[in-house]
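>
There are 2 protein chains.
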Amino acid sequence: MTNMTSHIHCQNCSMAALCLPYQLDQEGMARLDTIIQRHKPIQKRDILVHAGAPLKFLYAVRSGSLKSYTIDDNGVEQIIDFHLPGDVIGFDGLSENEHRSYTQALETSMLCEIPITALDELAEQMPGLRRQLWRLMSGEIFTSKQLLGTLNNRTAQQRVAHFLVTLAERFKERGLSSRSYRLTMTRADIGNYLGLSVETISRILSNLQQEGVIEVQNKLVEIIEPLRLREMAQ
Amino acid sequence: MTNMTSHIHCQNCSMAALCLPYQLDQEGMARLDTIIQRHKPIQKRDILVHAGAPLKFLYAVRSGSLKSYTIDDNGVEQIIDFHLPGDVIGFDGLSENEHRSYTQALETSMLCEIPITALDELAEQMPGLRRQLWRLMSGEIFTSKQLLGTLNNRTAQQRVAHFLVTLAERFKERGLSSRSYRLTMTRADIGNYLGLSVETISRILSNLQQEGVIEVQNKLVEIIEPLRLREMAQ
DNA sequence: AGGATTTCCTGATAGAGATCAAAACTAAAG
DNA sequence: CTTTAGTTTTGATCTCTATCAGGAAATCCT
């Protein structure tokens, strides 16, 4: 074994249900597993993919978290996504065969590397895999369009509440606590993503704490009143 | 012939290059054509699909234009997309097998109806079709994420300029004039989509006209200085 | 550990765009 | 052709959040 993580397979991966193997049987998982490489862990601030680089692989997050962002004409970063375990990175690049955004680790993270051409061949033979690819892409289309609605016509407090609720839901899907979690991104990242200034994020987190809806201690968030928070998000 | 439009086929459709048949050969187009139904024209204000309805078909726009929107908990409409000829409607629903948004005609429009199950079977056999489906979905992911960046951290004028430029580009792709076109949506629709009030849209269109960048007369837009407009969009 | 750097918080001010209000215009319907 | 409903425009005011500024806390690095 050249790789200390080579004992990890789709068949025993806890994220399988969210990831590509969803609904595949044991044999299907085994076949998918053969084309997937376990990527060495990447460290905080490391960049996984650069915008413009040829798209050879999709990446599935095994552990940790990352952010994707573009850089506009003025050199300003615009965060478009935060990735958690089970998420697949790179779908936005399929149409042009190159990555359309940068993806950077927010903490030490483990990834699976999925060669596109092999995946295409496999999808031809496996209807379940094909359907799951459609599901994942479709879900990404839906969530990003829903986010549009969230950002438009909503106050700063509603946006932040929505962000916290959505994160909680995502952690729950992954078998983690939806009541308390750690933010791996900075306040500036959250602000950038939601179209708000750092100061506004900080103020609103403080307000939500004063109102007893959440507890915040640095990166740690505890949701005290989930229902009220959900109401605030509308 | 029971249908006055039954002589229209993918093989002679002017939108084929933007739509599903992209890169298919004559035989491929013919096969795709057999599963596609020509839908009867729908009138302005008619609703093509309701959010929550089971997703049996995708729709390709042949002519006309439509808007897609969700309705939030407060009953407020949130427009998430405008569809032009060649666009495929319904990808956001694949993940849950039901439509996630309402789609309404902005003017009399012609549509092609594509049964999902038949499309899946065809995609299994035709790598080119499969790849085009991926392209279209991937493109939709990219553009909606890019729009996020456009709405965040941008002024009202930049948003409107971006909207006008993007529309011009889309018309150009479709072989229409990118210099002058007709807006089929209301100012209120544009505002809703861009997260701005009707009044702001109206004021900014007036300003752009005063500055000589565009001419607006009711629904008709003429772009006088494309480069300056593009600059304004950043 | 100790200094350096980044991140976070809080206050004060200003400005972009929402909202309120009303009139002018356009399109649809009788 | 007249009426009516919907859309667009313009003006005045107000509010939310960006920006500027300073300091506190946390984290990184040697």
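Residue numbers (this note's numbering), protein chains in the order written: chain A, 21 to 254; chain B, 21 to 254.
The beta-carbon is built from N, C-alpha and C at its ideal position, and this holds for glycine as well.
What you are looking at is a predicted structure, and each value in this text was computed from that prediction instead of being measured.
Among A:74, A:133, A:183, which residue has its Cα nearest to the Cα of residue 205 of chain A?
Reading the first sequence from its first residue, position 185 is the one you call residue 205 of chain A. When each option's Cα is compared against that of residue 205 of chain A, the closest is A:183.
> DSSP three-state label for residue 50 of chain B, please.
Taking the second sequence and counting its residues from 1, the one referred to as residue 50 of chain B is at position 30. Residue 50 of chain B falls in the helix class under three-state DSSP.
> Counting only the same chain and skipping the five closest in sequence on each side, list residues whose C-beta sits under 6 Å from that of residue 113 of chain A.
Counting from 1 along the first sequence, the entry for residue 113 of chain A is found at position 93. Cβ within range, chain order: 75, 119, 120.
> Measure the CB-CB distance between residue 208 of chain B and residue 253 of chain B and report whether it falls below 7 Å.
Translated into positions along the second sequence, residue 208 of chain B becomes position 188. Translated into positions along the second sequence, residue 253 of chain B becomes position 233. Not in contact: residue 208 of chain B and residue 253 of chain B (Cβ atoms no closer than 7 Å).
> Secondary structure at residue 33 of chain B, three-state DSSP: helix, strand or coil?
Reading the second sequence from its first residue, position 13 is the one you call residue 33 of chain B. Three-state DSSP puts residue 33 of chain B in coil, outside helix and strand.
> Following a CB-centred definition, is residue 44 of chain B positioned closer than 6 Å to any heavy atom of the ligand NAP?
The ligand NAP is absent from the structure shown, which contains no ligand whatsoever.
> Could you say which of B:152, B:102, B:116 lies nearest to residue 116 of chain A if we only look at CA atoms?
For the purposes of this step, residue 116 of chain A is taken as the residue at position 96 of the first sequence. Ranking B:152, B:102, B:116 by Cα distance to residue 116 of chain A puts B:152 first.
> Among the residues of its own chain, which have a CB less than 8 Å from the CB of residue 103 of chain A, if the five just before and after it don't count?
Along the first sequence, one-based indexing puts residue 103 of chain A at 83. Within the same chain, residue 103 of chain A has close Cβ partners 81, 85, 86, 87, 88, 109, 123.
> Confirm, please, whether the CB-CB distance from residue 158 of chain B to residue 111 of chain A is below 7 Å.
Working through the first sequence from its first residue, we reach residue 111 of chain A at position 91. Working through the second sequence from its first residue, we reach residue 158 of chain B at position 138. Closer than 7 Å, so yes.
> Considering just the uninterrupted stretch of the alpha helix (DSSP H) at residue 156 of chain A, what are its terminal residues?
Locating residue 156 of chain A in the first sequence gives position 136, where the first residue counts as 1. Run containing residue 156 of chain A: 147-171, per the alpha helix (DSSP H) assignment.
> So which residues of chain A does residue 161 of chain B contact, with C-beta pairs closer than 7 Å?
Counted from its first residue, the second sequence places residue 161 of chain B at position 141. 111, 112, 157, 160, 161, 164, listed in chain order.
> Measuring CB to CB, does residue 45 of chain B end up less than 7 Å from residue 29 of chain B?
By one-based count along the second sequence, residue 45 of chain B stands at place 25. By one-based count along the second sequence, residue 29 of chain B stands at place 9. No, these two residues do not count as a Cβ contact at 7 Å.
> Using a Cβ-Cβ cut-off of less than 9 Å, give me the residues of the segment 86-105 of chain A that come near chain B, in sequence order.
Against chain B - using a Cβ distance shorter than 9 Å - the residues of the segment 86-105 of chain A are 88, 89, 90, 92, 93, 94, 96, 98, 99, 100, 101.
> Applying a beta-carbon distance threshold of less than 7 Å, which residues of chain A neighbour residue 115 of chain B?
In the second sequence, the residue the question calls residue 115 of chain B occupies position 95. Near residue 115 of chain B (Cβ distances below 7 Å), the residues of chain A are 155, 158, 159, 162.
> Per the contact definition of three or more C-beta pairs closer than 8 Å, is the segment 61-68 of chain A in contact with the segment 129-146 of chain A?
Short answer: they touch.
> Alpha helix (DSSP H) containing residue 222 of chain A: first to last residue?
Counting from one through the first sequence, the residue named residue 222 of chain A turns up at place 202. Per DSSP, residue 222 of chain A belongs to the alpha helix (DSSP H) from 218-230.
> For residue 215 of chain A, decide whether its Cβ has a neighbour in chain B, counting only Cβ atoms nearer than 7 Å.
Translated into positions along the first sequence, residue 215 of chain A becomes position 195. Chain B, which has a Cβ nearer than 7 Å to the Cβ of residue 215 of chain A, makes this yes.
> Just reading off the alpha helix (DSSP H) that residue 252 of chain A is part of, what are its end residues?
Your numbering for residue 252 of chain A matches position 232 in the first sequence. Counting along the chain, the alpha helix (DSSP H) containing residue 252 of chain A begins and ends at 246-253.
> Rank B:33, B:27, B:37, B:32 by C-alpha distance to the C-alpha of residue 156 of chain B and give the top, closest one.
Stepping through the second sequence from its first residue, residue 156 of chain B is reached at position 136. When each option's Cα is compared against that of residue 156 of chain B, the closest is B:37.
> In the DSSP assignment, what residue or residues form a beta bridge with residue 134 of chain B?
Here residue 134 of chain B refers to the residue found at position 114 of the second sequence. Answer is B:78.
> Just verifying my parser: in three-state terms, what is the DSSP assignment at residue 67 of chain B?
For this step, residue 67 of chain B is matched to residue 47 along the second sequence. Here residue 67 of chain B sits in strand by DSSP.
> Would you be able to state if there are at least three C-beta pairs under 8 Å between the segment 166-173 of chain A and the segment 88-97 of chain A?
Too few Cβ pairs lie closer than 8 Å, so no.
> Given that a residue counts as buried once 16 or more other Cβ atoms are within 10 Å of its Cβ, and exposed if not, what is residue 165 of chain A?
Position 145 of the first sequence, counted from the start, is the residue given in the question as residue 165 of chain A. Its Cβ being crowded by 16 or more others within 10 Å, residue 165 of chain A is buried.
> State the Cα-Cα distance for the pair residue 47 of chain A and residue 141 of chain B, rounded to the nearest angstrom.
Translated into positions along the first sequence, residue 47 of chain A becomes position 27. Translated into positions along the second sequence, residue 141 of chain B becomes position 121. Whole-angstrom Cα-Cα distance: 22 Å.
> Could you pull the DSSP bridge partners for residue 87 of chain B from this structure?
For this step, residue 87 of chain B is matched to residue 67 along the second sequence. The partner list for residue 87 of chain B (beta bridge, DSSP) reads B:102, B:124.
> Are the C-beta of residue 254 of chain A and some C-beta of chain B separated by less than 7 Å?
Position 234 of the first sequence, counting from 1, holds the residue named residue 254 of chain A. It does; some Cβ of chain B falls within 7 Å.
> Quick check: residue 211 of chain B and residue 221 of chain B, are their CB atoms within less than 7 Å of each other?
One-based indexing of the second sequence puts residue 211 of chain B at position 191. One-based indexing of the second sequence puts residue 221 of chain B at position 201. Yes, Cβ-Cβ distance for residue 211 of chain B and residue 221 of chain B is below 7 Å.
> From residue 2 of chain B to residue 235 of chain B, what distance separates their C-alpha atoms?
As shown, chain B starts at 21 and ends at 254. That puts residue 2 of chain B outside it, with no answer to give.
> Runs of 3 residues minimum, wholly inside the segment 172-221 of chain A: which ones carry the beta strand (DSSP E) assignment?
For the segment 172-221 of chain A, whole beta strand (DSSP E) runs of length 3 or above, ordered along the chain, are 200-202.
> Residue 219 of chain A and residue 233 of chain A - do their beta-carbons sit closer together than 7 Å?
The residue you call residue 233 of chain A lines up with position 213 of the first sequence. The residue you call residue 219 of chain A lines up with position 199 of the first sequence. Result no, Cβ atoms of residue 233 of chain A and residue 219 of chain A do not sit closer than 7 Å.
> State the CB to CB distance for the pair residue 160 of chain B and residue 161 of chain A, rounded to an integer number of angstroms; the pair is presumed to be in contact (CB under 8 Å).
Reading the second sequence from its first residue, position 140 is the one you call residue 160 of chain B. Reading the first sequence from its first residue, position 141 is the one you call residue 161 of chain A. Contact holds; Cβ gap of about 5 Å.
> Could you tell me how far apart the beta carbons of residue 239 of chain A and residue 203 of chain A are, in whole angstroms, since I believe they sit closer than 8 Å?
Counting from one through the first sequence, the residue named residue 239 of chain A turns up at place 219. Counting from one through the first sequence, the residue named residue 203 of chain A turns up at place 183. At roughly 5 Å, the Cβ-Cβ gap stays under 8 Å, so residue 239 of chain A and residue 203 of chain A are in contact.
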